[in-house]
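Participant: Residue numbers (my numbering), protein chains in the order written: chain A, 4 to 649; chain B, -14 to 107; chain C, 869 to 1351.
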Amino acid sequence: MRNLIYLSVVFPLIGFLVNGLLGRKFKSEKVVGIIGSGAVGAAFLVVLAAFVETLRMPEEGRALIVTLFQWVKAGNLDVSIAYQIDQLSLVMGLVVTGVGFLIHIYSIGYMHGDKGFWRFFTYLNLFIFAMMNLVLADNFLLMFLGWEGVGLCSYLLIGFWYDRKFEKSTTSDAAKKAFVVNRIGDFGFLIGMFLIYLNFGSLNFTTVFAKAGVGNIPESTFTLIALCLFIGAAGKSAQIPLFVWLPDAMAGPTPVSALIHAATMVTAGVYLVARCSIIYASAPMALTVVAVIGLATAFFAATVGLVQTDIKKVLAYSTVSQLGYMFLAMGMGAFSAGIFHVVTHAFFKALLFLGAGSVIHGMHDEQDIRKYGNLKKYMPKTAKTFLIAAIAISGIPPFAGFFSKDEILWEAFSVGGFGFWIFGVITALFTAFYMFRLYFLTFEGKERFDSHHVHPHESPAVMTIPLMILAFLSIVGGFLGMPAIFVGEEGNLFGRWLAPIFKSAETKIFTGAEHSHLMEILLMAISVAGAALAIYFAKFVYLHKPEIAEKVSAKLKPIYTTLLNKYYVDEIYDAVVVNPIRLVSESFLWKITDVKLIDGLLNKSAALVDYLSGYIRKIQTGAVQFYAIIMMTGILAALFWIIKSL
Amino acid sequence: MIESYIPIFLVFGFAILFSLAVVFSSSLFGPQRPNAEKMTTYESGVKPIGLANERVSVKYYLVAMLFIIFDLEVIFVYPWAVKFKSLYAQQGIQVFWAMIVFLTVFEVGFLYAFKKGGFKWD
Amino acid sequence: MEMKDLFYAMPLLIVGGGILLILLIDMFFKGGKKIIPALTFFILLGTAYYSLFTINQLPIGLMPVSEFGLFYGMLSFGGKAHLFYFLFNFGSAIAVLIANDYLKKIETEYSEYYILLLSSVLGMMLIAGSRNLVMIFIGLEQMSISFYALAGYRRKNILSNEAALKYFLLGSFATGFLIYGMAFIFGTAQSMMLIDIFSQTSVLVKNPLFMIGILLFLIGFTFKIAAVPFHMWAPDVYEGSPTSVTALMATVGKAAAFSAILLIFVSVAKMGPNSVFSSMFSVVAVLSMLYGSIAAIAQKDIKRMLAYSSIAHAGYMTIGLAAVNPSGIAGIIFYLVAYTFMNLGAFGIIALLESKEGKFLSIEDYKGLGTRQPFLAASLAIIMFALSGIPPFAGFFGKYYIFLAAIQSGDTWLALVGVLSSVISVYFYLRVVVYMYFSKSDDESAILEISQTGLLAVIASLVLVIAFGLAPGSLIRLISGLI
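(1) At the 8 Å Cβ level, is residue 76 of chain A part of the contact set with chain C, yes or no?
(2) What span of residues does the beta strand (DSSP E) with residue 73 of chain A cover, start to end?
(3) Between A/380, A/387, A/153, which lies nearest to residue 240 of chain A when the distance is taken from Cα to Cα?
(4) Using a Cβ cut-off of 7 Å, pull out every chain C residue sitting near residue 627 of chain A, in sequence order please.
(5) Are the C-beta of residue 888 of chain C and some C-beta of chain B separated by less than 8 Å?
(6) Counting only beta-carbon separations shorter than 8 Å, does residue 1162 of chain C have a partner in chain A?
(7) Taking all protein chains shown into account, do 16 or more other C-beta atoms lie within 10 angstroms of the C-beta of residue 307 of chain A, making it buried, or fewer, making it exposed?
(8) Taking residue 907 of chain C as the query, report the chain B residues whose CB atoms sit under 9 Å from its CB, ordered along the chain.
(9) Indicate the three-state DSSP secondary structure (helix, strand or coil) for residue 644 of chain A in the structure shown.
(10) Please list, in chain order, the residues of the stretch 1161 to 1183 of chain C that have any C-beta partner in chain A closer than 7 Å.
(11) Residues of chain B with CB closer than 7 Å to the CB of residue 891 of chain C, please, in chain order.
(12) Nearest to residue 232 of chain A by CA position, among A/140, A/40, A/147, is which residue?
(13) Within its chain, find whatever has a CB closer than 6 Å to the CB of residue 1228 of chain C; leave out the 5 residues flanking it on each side and keep chain order.
(14) Strictly below 9 Å CB to CB, what residues from chain C border residue 16 of chain A?
(15) Where are the alpha helix (DSSP H) runs, 4 residues long or more, that stay fully inside the stretch 358 to 435 of chain A, in chain order?
(16) Give a yes or no on whether the C-beta atoms belonging to residue 17 of chain A and residue 57 of chain A are separated by under 8 Å.
(17) Please name the residues in the stretch 106 to 139 of chain A whose beta-carbon is closer than 9 Å to at least one beta-carbon of chain C, in chain order.
(18) Specify the secondary structure class of residue 608 of chain A as computed by DSSP and reduced to three states.
(19) Evaluate residue 1281 of chain C with the Cβ neighbour count: other Cβ atoms within 10 Å of its Cβ, from every protein chain shown; 16 or more gives buried, anything less gives exposed.
(20) Using a Cβ-Cβ cutoff of less than 7 Å, which residues in the same chain neighbour residue 1070 of chain C once the five nearest sequence positions on both sides are dropped?
(21) Measuring straight from C-alpha to C-alpha, what distance separates residue 1212 of chain C and residue 1001 of chain C?
(22) Since residue 1095 of chain C is in the beta strand (DSSP E), which residue starts that stretch and which ends it?
(23) Who are the Cβ neighbours of residue 311 of chain A in its own chain at under 6 Å, not counting the five residues just before and after it?
(24) Under the assumption that residue 1096 of chain C contacts residue 1144 of chain C (Cβ atoms under 8 Å), give the Cβ distance between them as a whole number of angstroms.
(25) Quick check on DSSP: helix, strand or coil for residue 82 of chain A?
(26) Any contact of the stretch 1313 to 1333 of chain C with the stretch 1246 to 1261 of chain C, i.e. 3+ C-beta pairs under 8 Å?
(27) Using 8 Å as the limit for Cβ to Cβ distance, is residue 895 of chain C near chain B?
(28) Check for me: the alpha helix (DSSP H) holding residue 174 of chain A runs from which residue to which?
(29) Step through the CB atoms of chain A and report whether any lies within less than 8 Å of the CB of residue 1192 of chain C.
(30) Do residue 134 of chain A and residue 82 of chain A have their beta-carbon atoms positioned less than 8 Å apart in this structure?
(31) Is there a Cβ of chain C sitting closer than 8 Å to that of residue 634 of chain A, yes or no?
(32) Relative to the C-alpha of residue 537 of chain A, which residue among A/399, A/480, A/67 is closest?
(33) Would residue 1070 of chain C count as contacting chain A if we go by Cβ distances under 8 Å?
(34) Beta carbons nearer than 8 Å to chain A: which residues of the stretch 1107 to 1121 of chain C have them?
(35) Roughly how many angstroms lie between the CA atoms of residue 641 of chain A and residue 1099 of chain C, to the nearest whole one?
(36) Residue 1064 of chain C: which of C/999, C/1081, C/1005, C/1080 sits nearest, CA to CA?
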């Protein structure tokens, strides 16, 4: 099965083609849904089979490259469509297809009755195709193809309901924003890729990383490449300063938010950094930048999440914040911890979004949490699974989030020091608080909606079953990566699995600092206790004494409004970047450069060619004798030339 | 290498001389006593009708072309037949089959012309 | 020669046997006429696949020049020859699909069409596989005479008659020079075998008669590829011939002429990169590219426009000759493959739309096609993009490899002229797209039924155009391995 790994890319492509070309004609949601989900399910089985097979193999021989065909050949550049199997790509592949499959199933229920049902599944399949290219690629160019592909799908799906309003504008504007901001990141990726080719003479991972490991290239080059790639990663994974698109991306249907903007696509940046771990390990400065930006993003987004009132906005900022954690882990050189968080986060964040989708579905498209309350009564399954996810993300043991987050916090402490750790813990507390604020406001307390007109209902089984599966994974997922102090180095299955990938990078940055086990347990206890406290506090404020919340927000009005308006980042960007650029393009670039200079020049030369063409046309008289004369002239000229040259 | 062409040049020269000789010898040696009857155009003893540079029916060309088929056949088969024995000694039976293949292709073409009415006058 | 040696000549035997078979069916079975197009199609397809899969299996240049070798060493098998066999057969198979319903539509359906088509393919194969000047000539004549007849296939159409006559007159004129050239080559090298000519080239270069011979030989085929200044026939002939015939002549016919040029090109390559021929090819390339692109702009008939565009394409490919290096030759073959399927697609679509009265021959008629025939319009748009060399379609990589070869051999200016000409050509290619999508049609009447086989031909070409654009590496690697 390992040799057939490309099938996991081909199946979604087939699903995309079938649904895209014939979907409109099927006239049956069932057929479209089964084809769409089936394609991803089949892809999942392929990856799973490859994974099981790989597990049985000895550690040294696990990497495999399956080349389909040569793609680009130009000079020294030789790029193939080739897929790489190794521990990292398999993990990512399993998450993408596995979670993707569940979300496809869920979408059959969620999108029921939508007039663009087939279009939705077409885009989703295309997304899985692109994402699998991204994670399985064996070279930067193919990865970039997937990278751009997921960006395109993200754009298409954010603007899926192109006729709907979103906040102050339309969903198309949100989609455009996502696309443009991502393009800025892509630019960094491209420059990084050019630099890699320039310095390593290849774009294949194996070649590049082997050369990077040898180390006859100056550190400054590594730093430059690493930073350029990080710009790309920051764009895709919504890190400061390119995070602004992700909250707006909530304009898309909720399964899209779950799949693309929580579980898979946004983690592509983390994957990129992990994949290039050796490059980052050779550039300590870049690592620090990654860590600081990650931490700042985590903290900043968590504070914004405290006050948002839109259920999806809260989750969006939570996603930005959790992605910050992952980058923090990367910056600490704890690559496998970061990837571990990618996996657990995919479980519980997809669950949260799908739960939110279920709520929105049941509440007839109402998204304001102030208008929810006591939904537990109406949708018990959604409530229970949502609670599990909330516990998981808050970092309460033994749920999945605890293990992955705790590993990151411990790395932050042992590598970065107390400063990194304390901000990480505060962020974790904020997370626990706003998550439970969300939970309590939505599912507990009194109904704050007009129960005469609004009749919340539980979602159909096709939606709740994926919720349950994800809830199960959110509970047990963490046991794959138990901390070493509990089960020993051998017990951390996840870390051991990924170890060969990051071995060379980790030996390069290993600091040798040792801390006592007691310290680790102490820190763990502090963060768990803090989270529990935060949850209790949320319960107290929002369930028992709602007036406290209002009082506090009234008292701290300036801070509250700043947070509510997301630190006015969008407004600042508009004023500092967007509007000046627009002004310059309109008044100078368009009206002078484009219209006068370029168009003028172009039109003049086109007119010249047109004029010439009219002349040349007349040579073709139609008289065959004349044609023969022209031929003869040509022959005579050639003869004359050749005789003269001898 | 130019020497190897000498026989061909000789043939050329002989042909030219011979044709010239045939044409001019009659006027050179024969008696010439012209009268009005003798000077009229000869057309199989019948009085000539119309002009000589008349348009000829396209069917003549068709027949002429079909004639070429036989012409080619003979040109190819005759030398082959003449040299057959020595060729056979050299290369074996394939010499025979080669000609059969040629003739098959050839006869199918001939048959085609026949079937399509190439030999019918109207 | 042994019986099993005939196995090597399989592609030739299948096509040759096919001609006889179809002739016999046509003669003796009245009801058999219906299966003739299908039979022709499968003969061509079968030969195409046989050739493709034996490219690497057969020893290249199988028979040394021995007196009693297979066909006396006059033909070579495997390798490049089979690649060309594949191209000819596969392209012609698509042309058969185009022709089938088109001929019914214009009411000129006779089985001779398919016989002539097969016969022209046999001629092309003889050219591409030949190792002997006489063999080249026989192949060329077989191809050309079939084409002359095919061009005038619409007997009652005055344009078709004109096309046939012009093509025949000028074609014979060019063939005269070709034979003259062969005579000079034979006279100086004292052999008709290419292998002998190549081995003596370094000595013969100093012989003016030999050089003139090569020149005249090349001119004979430059006529066939329709490069300036031997291009004058192309617009009239392409316009007047039935569209399905134009599709054949413009694509595989041109490929066959290029295969002949590549045969003798071994000799030219031995004269080094700075020989007089290289400069001559540069001049021809520049003239063809610019002339073709500029003249195409003023055209109102789409077939005529494509004729000029094919002159320009001949110019691009000639750059590969002027470069005189292996990557140039590989580029030409790649370009030929790409060009063949692009043009088959384009002419296929025209044949699908064209009516007996000649509707859809004027570019104006394509107005508003985007809404009337969305699939055909989209296909035509893709093909126009491909022809103008916009990635990711096959046409882009064709130009890319050719220009790359020119730059490698130091003729950067040629590549620049090529790019300039491509830019000009975008104008007339995209005009079709603009008409299809951004203009309203004055005539909303339904288009006649779209032929299924023709549609299949268009889809097949389209798939290949896209596939070679997405994965050019595999093809160019295959080609490079054969040179």
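Every residue gets a Cβ at the ideal spot worked out from N, C-alpha and C, and that includes glycine.
Facilitator: From the atom records:
(1) yes
(2) That run of the beta strand (DSSP E) goes 67 to 77.
(3) A/153
(4) 1034, 1037, 1038
(5) yes
(6) yes
(7) buried
(8) Neighbours of residue 907 of chain C on chain B: none; closest Cβ ~16 Å, over 9 Å.
(9) Assignment of residue 644 of chain A by DSSP, reduced to helix, strand and coil, places it in the helix class.
(10) 1162, 1163, 1165, 1166
(11) 93, 97
(12) A/147
(13) Excluding residues within five positions, the ones whose Cβ falls inside 6 Å are 1221, 1222.
(14) Going along chain C, no residue has its Cβ under 9 Å from residue 16 of chain A, so there is no contact; the nearest lies around 12 Å.
(15) 383 to 397, 403 to 414
(16) no
(17) none
(18) When DSSP states are grouped into helix, strand and coil, residue 608 of chain A belongs to the helix group.
(19) exposed
(20) The residues 1138, in chain order, have a CB closer than 7 Å to that of residue 1070 of chain C in the same chain once the five nearest residues on each side in sequence are set aside.
(21) 30 Å
(22) First-last for residue 1095 of chain C: undefined, no H or E at that position.
(23) 317
(24) Wrong, their Cβ atoms sit about 18 Å apart, outside the cutoff.
(25) strand
(26) yes
(27) Yes, its Cβ sits closer than 8 Å to a Cβ of chain B.
(28) 174 to 203
(29) no
(30) Cβ distance not < 8 Å, so residue 82 of chain A and residue 134 of chain A don't count as in contact.
(31) yes
(32) A/399
(33) no
(34) none
(35) 15 Å
(36) It is C/999 whose Cα lies nearest to the Cα of residue 1064 of chain C.
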